[in-house]
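Written out below as structure tokens is the structure these notes cover.
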Amino acid sequence: MAGFSSALGADFREGALVPREEELVRELVPRFCSAEWVLGKGRPQAARHPLQARVKCPGGLVRASLVLTPDKRRISTASLRGDFFAYPTGAVLDLEDRLRGAPAEAADVSEIVRAYFADSGASVPGMDGEGLARALSRALEEQA
0 MAGFSSALGA
10 DFREGALVPR
20 EEELVRELVP
30 RFCSAEWVLG
40 KGRPQAARHP
50 LQARVKCPGG
60 LVRASLVLTP
70 DKRRISTASL
80 RGDFFAYPTG
90 AVLDLEDRLR
100 GAPAEAADVS
110 EIVRAYFADS
120 GASVPGMDGE
130 GLARALSRAL
140 EEQA
């Protein structure tokens with residue numbers, strides 16, 4: 000607990016749960032123990048089968064994963080992973096946030112990626128964002 004105390008600037012003490020914590024346990028444990036939660040049965044099919052692509056760039060391998068809205072017109076979630084580095088820390092997460100709700104069209108996605116790197120000053124050595132845009136565009140080709 001010392002690590003948590005230091006990182007969060009809080010003083011933790013062992014003890015019994017307070018009434019509100021006991022209420023939350025009673026409320027949440029059944030949900031998180033349910034088959035729907037554990038097995039993801041309640042999730043839409045699209046959330047279980049994202050569009051995916053891998054692209055090898057001079058700066059590293061990029062894996063793009065996209066989940067579209069049910070009408071397949073917009074990006075619900077975007078994930079960019081791989082063996083590349085992005086600066087500053089959090090740049091990839093910021094780009095993923097910017098893609099949420101974007102039209103599910105390669106040209107629109109490429110423009111969002113280009114604008115993000117131009118506006119934010121972020122960088123991905125060896126690919127300048129183009130590899131990320133290419134991986135996202137390839138993932139979108141999966142739906143065609």
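Just so you know, numbering that gives the first Met the number 0 puts the end of the sequence shown at 143, numbered straight through with nothing missing. Glycine included, C-beta positions come from ideal geometry on N, C-alpha and C.
For residue i, three-class secondary structure by DSSP
i      : result
LEU65  : strand
PRO102 : strand
GLY89  : coil
TYR14  : Per the sequence shown, the amino acid found at residue 14 is Gly instead of Tyr. The answer is coil: DSSP assigns GLY14 none of H, G, I, E or B.
Closer than 8 Å to chain C by CB, residue i
i      : result
ALA132 : In the displayed structure, chain C is absent; only one protein chain is listed.
Exposure label - residue i; buried when at least 16 CB within 10 Å
i      : result
MET126 : buried
ALA134 : buried
GLY14  : exposed
LEU98  : buried
Alpha carbon of residue i to alpha carbon of residue j, nearest angstrom
i      : j      : result
VAL123 : GLN51  : 20 Å
ARG62  : SER109 : 16 Å
ASP10  : SER4   : 6 Å
GLU140 : MET0   : 48 Å
Within 8 Å, do at least three Cβ pairs link the region 80 to 100 to the region 117 to 132?
yes
So, does the region 18 to 31 touch the region 82 to 92, judging by three or more C-beta pairs under 8 Å?
no
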